[in-house]
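Residue numbers (the UniProt record's numbering): 1 to 427.
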């Protein structure tokens, strides 16, 4: 009699981080179990040096050609009976994950269509608007800056408004406009850059430009887990401050902090809106990241992503001891996520961009920042001489930093100290 295969392979698709291993090992130790890590990647877009690095961290490397169904089938065939879960990280990997889904038909995954609805902003907005106009802003889509297009925008949306490409993440090419002249300049810039940025960042779908009503209020986000039957488990809300609020003409997520100071009644309403959003998009057997705006007219959905939010695996671990990365695996395996409720302290993730675009000339205050009582970790993304651009122009942050403190007032004090000690000069 043939011995039954042990289903203990966690398959990550398209992108892999060291933190995933640490979170997995922590879970293994606590649950007294053992998994194997497999990583499936596009052979053409992954360097040999990166592959060599991965060999020391994962158990199984699975290269393939995502454009070929036969290549994917052959790559996965040896492991089909041993898979525990299949998941991905980063919205830019959703298209690769979609191509894998038909080849793992008996695994718990979202549908290919729901991933399209949740990663293309226009498709998302259409479904949300159809389901409930109260939780989404008015919008339209344009393909040029003709007089007819400008008139359509004024009539359907009005000012102020937000211009955002349909298939890009991380606030790339997103701008606010207060009048017609500004709108014309922004649209010209977006149409000039959109194809290049789509190619560089693996944008989703056809390049289209969404124009929607600017919502005024407090921004929050929440990560959730959705079972195969639509049951939703909520993580704690995170308060978000954008670059716009600190003087940038940009909408990158400057500061993200949890726990929030929201009342339980407000949290309940926010959760209800987030739940309606993911159900409207048909998401199941996945984690989701939902961005919300608390306005005078109630909670509204900014957008939804079919993956865990940036830095959330760190923030939720520090503030609640939630193993977010492993919960993402569990929900993709049809298992119940583990969500401790006890608050351990306050954590914040911050992204620092240069005030002026150009080449990085000087970055000071980094060593001093690491002496702060609340300091946890730092990720430096730029070196001297690198190009610095705003997120709305396709750029990324100079560095990201995580702070944690049991005392909220002490954390806020260290945030202030950090802001005062950092200097980013460009030429």
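Even for Gly, the Cβ is constructed at its ideal location relative to N, Cα and C.
Classify residue i as helix, strand or coil using the three-state DSSP reduction.
i: residue 220; result: strand
i: residue 1; result: Because residue 1 carries a pLDDT of 43, less than 50, the predicted location of this residue cannot be relied on, and the following value inherits that uncertainty. The answer is coil: DSSP assigns residue 1 none of H, G, I, E or B.
i: residue 384; result: coil
i: residue 8; result: coil
i: residue 124; result: helix
i: residue 129; result: helix
i: residue 45; result: helix
i: residue 28; result: helix
i: residue 424; result: strand
i: residue 417; result: helix
i: residue 330; result: helix
i: residue 281; result: coil
i: residue 102; result: helix
i: residue 318; result: helix
i: residue 342; result: coil
i: residue 262; result: coil
Any heavy atom of the ligand PLP within a distance shorter than 7 Å of the CB on residue i?
i: residue 190; result: Ligands in the displayed structure: none, and consequently the ligand PLP is not present.
Would you tell me roughly how many angstroms separate the C-alpha atoms of residue i and residue j, rounded to the nearest one?
i: residue 221; j: residue 324; result: 15 Å
i: residue 503; j: residue 148; result: This structure does not reach residue 503, given that the chain is present from 1 up to 427, and the question cannot be answered.
i: residue 284; j: residue 263; result: 28 Å
i: residue 146; j: residue 160; result: 19 Å
i: residue 243; j: residue 286; result: 29 Å
i: residue 247; j: residue 78; result: 54 Å
i: residue 293; j: residue 91; result: 21 Å
i: residue 40; j: residue 62; result: 4 Å
i: residue 133; j: residue 353; result: 35 Å
i: residue 238; j: residue 257; result: 5 Å
i: residue 186; j: residue 73; result: 44 Å
i: residue 252; j: residue 192; result: 21 Å
i: residue 356; j: residue 425; result: 8 Å
i: residue 37; j: residue 76; result: 14 Å
i: residue 301; j: residue 138; result: 12 Å
i: residue 136; j: residue 56; result: 46 Å
i: residue 112; j: residue 140; result: 25 Å
i: residue 210; j: residue 121; result: 8 Å
i: residue 351; j: residue 100; result: 32 Å
i: residue 17; j: residue 336; result: 23 Å
i: residue 380; j: residue 367; result: 12 Å
i: residue 427; j: residue 384; result: 11 Å
Residues in its own chain within less than 6 Å of residue i by CB, not counting five upstream and five downstream?
i: residue 115; result: 94, 98 and 306
i: residue 88; result: 13, 14 and 97
i: residue 1; result: Any answer about residue 1 is weak, because its pLDDT of 43 lies below 50 and its placement is not dependable; what the coordinates show is given next. Around residue 1: no qualifying Cβ.
i: residue 223; result: 235, 289, 308, 309 and 312
i: residue 23; result: 323, 325 and 326
i: residue 299; result: 269, 270, 273 and 292
i: residue 162; result: 176, 212 and 214
i: residue 362; result: 425
i: residue 382; result: 360 and 398
i: residue 129; result: 136
i: residue 260; result: 237 and 239
Please work out which residues of its chain come closer than 7 Å, Cβ to Cβ, to residue i, disregarding the five sequence neighbours upstream and downstream, and give them in chain order.
i: residue 117; result: 123, 124, 127, 281 and 282
i: residue 228; result: 108, 284, 285 and 334
i: residue 267; result: 237
i: residue 69; result: none
i: residue 83; result: 7, 9, 11, 104 and 107
Which partner residues does residue i have in the DSSP bridge list?
i: residue 349; result: 256 and 402
i: residue 289; result: 223 and 305
i: residue 109; result: DSSP, once it has assigned bridges, lists no residue as partnering residue 109.
i: residue 233; result: 225
i: residue 298; result: 295
i: residue 241; result: 255
i: residue 362; result: 425
i: residue 88; result: 13
i: residue 36; result: 9
i: residue 140; result: 211
i: residue 273; result: In the DSSP output, where bridge partners are listed per residue, residue 273 has none listed.
i: residue 378; result: 401
i: residue 175; result: 163
i: residue 62; result: 40
i: residue 83; result: 9
Excluding sequence positions up to five away, which residues of its chain have a Cβ less than 8 Å from the Cβ of residue i?
i: residue 369; result: 375, 378, 401, 418, 421 and 422
i: residue 34; result: 8 and 28
i: residue 188; result: 145
i: residue 19; result: 313, 314 and 325
i: residue 406; result: 344, 345 and 346
i: residue 318; result: 344, 345, 347, 376, 402 and 404
Determine, for residue i, whether the minimum Cβ-Cβ distance to residues of chain C falls below 8 Å.
i: residue 329; result: This model lacks chain C altogether, as it is built from one protein chain only.
Can you confirm whether the stretch 20-30 touches the stretch 103-119 when touching is taken to mean that 3 or more C-beta pairs between the two stretches lie within less than 8 Å?
Touching, no, given that fewer than three Cβ pairs across the two stretches are closer than 8 Å.
Would you say the stretch 318-335 touches the stretch 378-398, given that touching needs at least three Cβ pairs under 8 Å?
Contact fails: fewer than three Cβ-Cβ distances are below 8 Å.
Touching or not, the stretch 179-191 and the stretch 146-160, by the rule of three or more beta carbon pairs under 8 Å?
The stretch 179-191 is in contact with the stretch 146-160.
Whether or not the stretch 338-350 and the stretch 402-414 are in contact is what I'm after, with contact meaning three or more pairs of Cβ atoms, one per stretch, closer than 8 Å; do they touch?
Touching, yes, given that three or more Cβ pairs across the two stretches are closer than 8 Å.
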